[in-house]
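Engineer:
Residue numbers (the working numbering), protein chains in the order written: chain A, -1 to 283; chain B, 102 to 435.
1. At least one CB of chain A closer than 8 Å to the CB of residue 132(B): is that the case?
2. Compare the C-alpha of residue 51(A) against each of 43(A), 37(A), 42(A), 41(A) and name the closest.
3. Please check if any C-beta of chain A sits within less than 8 Å of the C-beta of residue 135(B).
4. Please tell me whether residue 126(B) has its Cβ less than 8 Å away from any Cβ of chain A.
5. Along chain A, in chain order, which residues have C-beta atoms closer than 8 Å to that of residue 430(B)?
6. Report the three-state DSSP secondary structure of residue 128(B) (helix, strand or coil).
7. Is the CB of residue 277(A) under 8 Å away from at least one CB in chain B?
8. Name the chain D residues whose beta carbon is nearer than 8 Å to that of residue 182(A)?
9. Which of the residues in the segment 394 to 423 of chain B, read from start to end, lie with their CB under 7 Å from any CB of chain A?
10. Using beta-carbon positions only, say whether residue 408(B) and residue 169(B) come within less than 8 Å of one another.
11. For a test of the three-state rule: what should DSSP assign to residue 90(A), helix, strand or coil?
12. Do the segment 262 to 276 of chain A and the segment 193 to 206 of chain A make contact, defined as three or more Cβ pairs closer than 8 Å?
13. Taking C-alpha atoms, which residue in 251(B), 433(B), 428(B), 435(B) lies nearest to residue 148(B)?
14. Would the beta-carbon of residue 430(B) fall within 8 Å of that of residue 212(A)?
15. Along the chain, where does the beta strand (DSSP E) containing residue 329(B) start, and where does it finish?
16. Hey, how far is the Cα of residue 283(A) from the Cα of residue 85(A)?
17. Could you name the residues of the same chain whose beta carbon sits closer than 7 Å to that of residue 362(B), not counting the 5 residues immediately before and after it, in chain order?
18. Using only alpha-carbon positions, find the residue among 159(B), 242(B), 154(B), 188(B) that is nearest to residue 236(B).
19. Does the distance from the CB of residue 258(B) to the CB of residue 268(B) come in under 8 Å?
20. Could one say the Cβ of residue 109(B) lies closer than 8 Å to chain A's Cβ atoms, at least one of them?
21. The beta strand (DSSP E) that contains residue 218(A), what's its start and end?
22. Would you say residue 117(A) lies against chain B (beta-carbon separation less than 8 Å)?
23. Step through the CB atoms of chain A and report whether any lies within less than 8 Å of the CB of residue 149(B).
24. So, with DSSP's three-state summary, where would you put residue 371(B)?
25. In whole angstroms, give me the CA-to-CA distance for residue 123(A) and residue 419(B).
26. How would you list, in chain order, the residues of chain A whose beta-carbon sits under 8 Å from the beta-carbon of residue 289(B)?
27. In the DSSP assignment, what residue or residues form a beta bridge with residue 83(B)?
28. Comparing the C-beta of residue 122(B) with each C-beta of chain A, is any distance below 8 Å?
29. Does the CB of residue 144(B) have a neighbour CB from chain A at under 8 Å?
30. What is the rounded straight-line gap between the Cα of residue 239(B) and the Cα of residue 108(B)?
31. Examine the Cβ distances between the segment 266 to 279 of chain A and the segment 0 to 12 of chain A and report whether three or more of them are shorter than 8 Å.
32. Quick check: is the beta carbon of residue 434(B) nearer than 8 Å to any beta carbon in chain A?
33. Determine, for residue 80(A), whether the minimum Cβ-Cβ distance to residues of chain B falls below 8 Å.
34. Within the 8 Å Cβ cut-off, does residue 179(A) reach chain B?
35. Please name the residue in 373(B), 234(B), 305(B), 266(B) whose C-alpha comes closest to that of residue 254(B).
36. Give the range of the alpha helix (DSSP H) segment to which residue 357(B) is assigned.
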């Protein structure tokens, strides 16, 4: 069980449709806090919403009631990359961080009355362990119990393309949790396929990949995905090259996202829910 | 160049073990998320092979060193100067008689002329002084031989041995055993100089046929030559009378017999008949001439041992490996 973190207040810039009550401002009439229109009582026979001012002003002595937009539920969907590179353990266990992201989102979605779904994919989509988006009280617990048992294997995350077909047709809020060590162009084409959704790429990084690398010494690095071995003699010049490479990687991910109007959320080390909330408030650009 | 030999060649079967480092890197491995954008680093690539090659070489040189490689030193021809001279000095009773003819009356009065042994001693001491490059050993004998001074550079010892040699009658002269003891001195010594047994004796003894055989073999083994300084007074037979004596008397004088025996034994041999002090000195000069000839001899060089260099090499290589192990990254983090 992870420690209690504040809820994530995600936010979308569009109105979700659907008749499931939730926290977002919807587009269908119903119980809500935003005035939609004023309608005759006979059209909407709810005397509690009686609009006195409009009724008094009406020369025809009709009785008017207010009609509101329904506060609709949103569908929050998390896509998790389960390729072998997600099993990397540096300062933090990368998959543990992915679990934290997914479970905190599950908790926050439930508290907001939103539907929550999880899809996992490595080289192939994991059909045994998927959670279709429903208002699911136990999604959080399900993730706590099963997430770490998922095998991190496969050389790429191509299975995520198969997941697209399983997603709802109407727009959802989609999080892609991955380290995005993908071939050039892969992220862009995935984002293209998800373009009618609101996509948040959650990029997981570890300080040992960027600036917390050992300064000097020799070692062998074992690529988790391809099994390739690399003899390295770490020294400041190589470390600088490494850091430059990682910065370039982040830049390429940002550029791929910018084209399709998304903004990557970068997690360095531990995941903090507050920083994701900040991201939705527009501070993290 | 000489061929390379191994003292323990069986250990070379361990050489395939040297390939072990090629199976694994021997460096700590870390799982890493992705190496697809790892910068190409030529130095690391070189070091990757370098580490394994160094490990292979270190093991190989250790195995080879433990098999103890060496080359035979071979032999070189050298020219030795000087001589190794073993003085075999007779101190039997007869040696105390005077060297030159003396009137028995005067002798009874106690007016002794110099004795044979005394004259021999003085001349031998002079010989030692004249020949500083030689090595001397001393054996004295009457009834049995005594090894007085070993063949060594310690001249004072040989000198003292000669000075202390006094004639003493014990009725029997063990010349063959004395010669054998003198020859024993040459055992276990490299043959680097002329070997000379300088027998100073007045003879009067016999060598049995079985002893003769042994002596002959010993002279052959040690490659020594024999010089006999036959100290005698005018009364005694000259060694050259051999023919006549044997014909007329039917019995052979023991000294003549001894002379012919030595001559027949095959080693270089010279006899000097000396019946005066000056004669003795002449003999010594002759000896000097005979032994001054340079000796050509084969010198066996010690074999060359290469294990030390192999160990040194493996020490250096292991040192490098040790250093590499020290700079190895223990945990992939700062």
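Glycine residues also receive a C-beta, built at the ideal position from the N, C-alpha and C atoms.
Structural biologist: Short version:
1. The residue labelled residue 132(B) in the question sits at position 31 within the second chain. A Cβ of chain A is located within less than 8 Å of the beta carbon of residue 132(B).
2. Counted from its first residue, the first chain places residue 51(A) at position 53. Checked all of 43(A), 37(A), 42(A), 41(A); the closest Cα to residue 51(A) is 37(A).
3. Taking the second chain and counting its residues from 1, the one referred to as residue 135(B) is at position 34. Yes, because at least one Cβ of chain A sits closer than 8 Å to the Cβ of residue 135(B).
4. The sequence position of residue 126(B) within the second chain is 25, counting from 1. Interface residue, yes.
5. Here residue 430(B) refers to the residue found at position 329 of the second chain. Those are 212, 215, 216, 217, 232, listed as they occur along chain A.
6. Within the second chain, numbered from 1, the residue matching residue 128(B) stands at position 27. If DSSP states are grouped into helix, strand and coil, residue 128(B) belongs with coil.
7. Taking the first residue of the first chain as position 1, residue 277(A) is located at position 279. When Cβ-Cβ separations below 8 Å define contact, residue 277(A) makes no contact with chain B.
8. Here chain D cannot be found, since the structure's protein chains are A and B.
9. Going along the segment 394 to 423 of chain B in chain order, one finds no residue with a Cβ nearer than 7 Å to chain A.
10. Start at 1 with the first residue of the second chain, and residue 408(B) comes out as number 307. Start at 1 with the first residue of the second chain, and residue 169(B) comes out as number 68. In contact: residue 408(B) and residue 169(B) (Cβ atoms closer than 8 Å).
11. Mapped onto the first chain, residue 90(A) falls at position 92. Here residue 90(A) carries a coil assignment [DSSP, helix/strand/coil].
12. Touching, yes, given that three or more Cβ pairs across the two stretches are closer than 8 Å.
13. Against the second chain, residue 148(B) aligns to sequence position 47. Distances from the CA of residue 148(B) to each of 251(B), 433(B), 428(B), 435(B) were compared; the closest alpha carbon is that of 428(B).
14. Here residue 430(B) is taken as the residue at index 329 of the second chain, counted from 1. Here residue 212(A) is taken as the residue at index 214 of the first chain, counted from 1. In this structure, residue 212(A) lies closer than 8 Å to residue 430(B) by Cβ.
15. Counted from its first residue, the second chain places residue 329(B) at position 228. Note, residue 329(B): beta strand (DSSP E), 326 to 332.
16. To locate residue 283(A), count along the first chain from 1; it is residue 285. To locate residue 85(A), count along the first chain from 1; it is residue 87. Interpretation of residue 283(A) is limited by its pLDDT of 44, a score under 50 that renders its predicted location unreliable; the figure taken from the coordinates is listed afterwards. As the crow flies, the alpha-carbon of residue 283(A) is around 27 Å from that of residue 85(A).
17. Along the second chain, one-based indexing puts residue 362(B) at 261. Exclusion of the five residues before and after residue 362(B) leaves 308, 313 as the residues of its chain whose Cβ lies within less than 7 Å of its Cβ.
18. Here the question's residue 236(B) lines up with position 135 in the second chain. Comparing C-alpha distances from residue 236(B) to each of 159(B), 242(B), 154(B), 188(B) shows the shortest one belongs to 188(B).
19. For the purposes of this step, residue 258(B) is taken as residue 157 along the second chain, with counting starting at 1. For the purposes of this step, residue 268(B) is taken as residue 167 along the second chain, with counting starting at 1. One thing to note: residue 258(B) has its Cβ no nearer than 8 Å to the Cβ of residue 268(B).
20. Taking the second chain and counting its residues from 1, one reaches residue 109(B) at position 8. Residue 109(B) does not count as touching chain A.
21. Residue numbering aside, residue 218(A) sits at position 220 when the first chain is read from its first letter. For residue 218(A), the enclosing beta strand (DSSP E) covers residues 215 to 221.
22. Stepping through the first chain from its first residue, residue 117(A) is reached at position 119. It does not: the Cβ of residue 117(A) has no partner Cβ on chain B nearer than 8 Å.
23. The sequence position of residue 149(B) within the second chain is 48, counting from 1. Using beta-carbon distances, residue 149(B) counts as an interface residue toward chain A, with a partner under 8 Å.
24. For the purposes of this step, residue 371(B) is taken as residue 270 along the second chain, with counting starting at 1. For residue 371(B), the secondary structure class from DSSP, reduced to helix, strand or coil, is strand.
25. Position 125 of the first chain holds residue 123(A). Position 318 of the second chain holds residue 419(B). Going from the Cα of residue 123(A) to the Cα of residue 419(B) covers about 51 Å.
26. Taking the second chain and counting its residues from 1, one reaches residue 289(B) at position 188. Simply none; closest approach about 58 Å.
27. Absent from the model: residue 83(B). The displayed extent of chain B is 102 to 435, so no value can be given.
28. Residue mapping note: residue 122(B) aligns to position 21 of the second chain, counting from 1. Cβ-Cβ to chain A under 8 Å: no for residue 122(B).
29. For the purposes of this step, residue 144(B) is identified with residue 43 of the second chain, where counting begins at 1. At least one chain A Cβ lies under 8 Å of residue 144(B).
30. Locating residue 239(B) in the second chain gives position 138, where the first residue counts as 1. Locating residue 108(B) in the second chain gives position 7, where the first residue counts as 1. Approximately 41 Å, taken between the alpha carbons.
31. Contact between the segment 266 to 279 of chain A and the segment 0 to 12 of chain A is present, with at least three C-beta pairs closer than 8 Å.
32. Within the second chain, numbered from 1, the residue matching residue 434(B) stands at position 333. Residue-level contact by beta carbon holds for residue 434(B) and chain A, with a gap shorter than 8 Å.
33. Numbered from its first residue, the first chain carries residue 80(A) at position 82. With respect to chain B, the C-beta atom of residue 80(A) has no partner C-beta closer than 8 Å.
34. Stepping through the first chain from its first residue, residue 179(A) is reached at position 181. Among the CB atoms of chain B, one or more fall inside 8 Å of the CB of residue 179(A).
35. As a position in the second chain, residue 254(B) is number 153, starting the count at 1. When only C-alpha atoms are compared, the closest one is 234(B).
36. Sequence index remark: in the second chain, residue 357(B) carries index 256 (1-based). Unbroken alpha helix (DSSP H) run through residue 357(B): 355 to 365.
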